[in-house]
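J.: Residue numbering for the sequence shown is 3 to 262, as defined by the numbering used here. For every residue, glycine included, the Cβ atom is placed at its ideal position computed from N, Cα and C.
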Amino acid sequence: MTVTQTVLRIRVINPTISNEWNEEMASFLDDPGIILEPVALDYGTASIESRVDDELAVPGIIEQAILAEQSGADGVVVNCMDDPGLHAAREAVRIPVSAPGEAGMHLASMLGHRFAIVTTSEEDIPMVEELIARNGLSDSAGPVRALGLPVLELVTDPGATLDAFVAASAAAVFEDGAGVIIPGCSLLSSMAGIAARMLAERGAAVPVLNPLLVAIRQIETMIRLGVTHSRRSYPPPVAKPLEWHDPSMELGPRLESGRT
């Protein structure tokens, strides 16, 4: 007997104004059971590297999550390790919403006694530390390591970025006792496989997660299990007047409905 599996549509929200990665993201996952629908924001910044960048992205993330649900998407992934707008988006929609930071860290905590996040610049470290604490995982995390590179320079010299990532990861393993490595930026996610092999060659054979892939697979699992976030934990916004930059978006009526 042949079992037919429903094809899932997962909207991947890039919380920046860059459409540069949309085509690559559409083919990121080789899985006939999942269609990835990448979108960028109409308003915001070119990268997420500060709390200001985070907060500027949140209105657009909420908007795109609602549009995803209205279009019939089965789930949403916010494609940033800082998880901007994750909890707000869960309040706004009923379809499952995930993000690489939360999903990656919780999986890492199950795969090893201590994980390390290797992020981009030194300036990003306080935000990563806050993310770890917010998820209740401070006891499972080692010191956050940084490459000393801003986000937009990660792709300037991919080879040098990979070498820097592997070096920082090796230090996290040998000096900090990390048993699992998490790239601290979505642009580093694609390096996970080759970085794991390079670390093994250095005697540091530990899992290196692709946190974006973890978030996508988490959403897939939630959808196929038929579960989503709790309305007791993520209640819909209280009805109130709302003005939005695009009157046709129906953001106000959707939020004001107080639906369950």
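Touching or not, the segment 160-179 and the segment 188-206, by the rule of three or more beta carbon pairs under 8 Å?
T.: Touching, yes, given that three or more Cβ pairs across the two stretches are closer than 8 Å.
J.: Quick one: grab the DSSP three-state call for T121.
T.: Looking at T121 - three-state DSSP - the assignment turns out to be strand.
J.: Which residues does DSSP pair with V272 in a beta bridge?
T.: The question about residue 272 has no answer here: the residues shown for the chain are numbered 3 through 262.
J.: How far does the beta strand (DSSP E) with I36 in it reach, from first residue to last?
T.: Run containing I36: I36 to V41, per the beta strand (DSSP E) assignment.
J.: Using beta-carbon positions only, say whether A135 and R116 come within less than 8 Å of one another.
T.: Result no, Cβ atoms of A135 and R116 do not sit closer than 8 Å.
J.: Count the other C-beta atoms from every protein chain shown that fall within 10 angstroms of the C-beta of V175, then say buried if there are 16 or more, exposed otherwise.
T.: Buried: at least 16 other Cβ atoms inside 10 Å.
J.: Rounded to whole angstroms, what's the CA-CA distance from W23 to S49? Just pull it up for me.
T.: Going from the Cα of W23 to the Cα of S49 covers about 12 Å.
J.: Could you compute how far the alpha carbon of T47 sits from the alpha carbon of D56?
T.: Roughly 9 Å between the two C-alpha positions.
J.: Can you find at least 3 beta carbon pairs, one from the segment 236-244 and one from the segment 110-129, that sit closer than 8 Å?
T.: Touching, no.
J.: Where do the ends of the beta strand (DSSP E) carrying P185 lie?
T.: First-last of the beta strand (DSSP E) with P185: V182 to P185.
J.: Rounded to a whole number of angstroms, what is the C-alpha to C-alpha distance between A1 and V153?
T.: One cannot answer for residue 1 here, as it falls past the ends of the chain, which runs 3 to 262.
J.: Quick check on A91: does DSSP put it in helix, strand or coil?
T.: A91 falls in the helix class under three-state DSSP.
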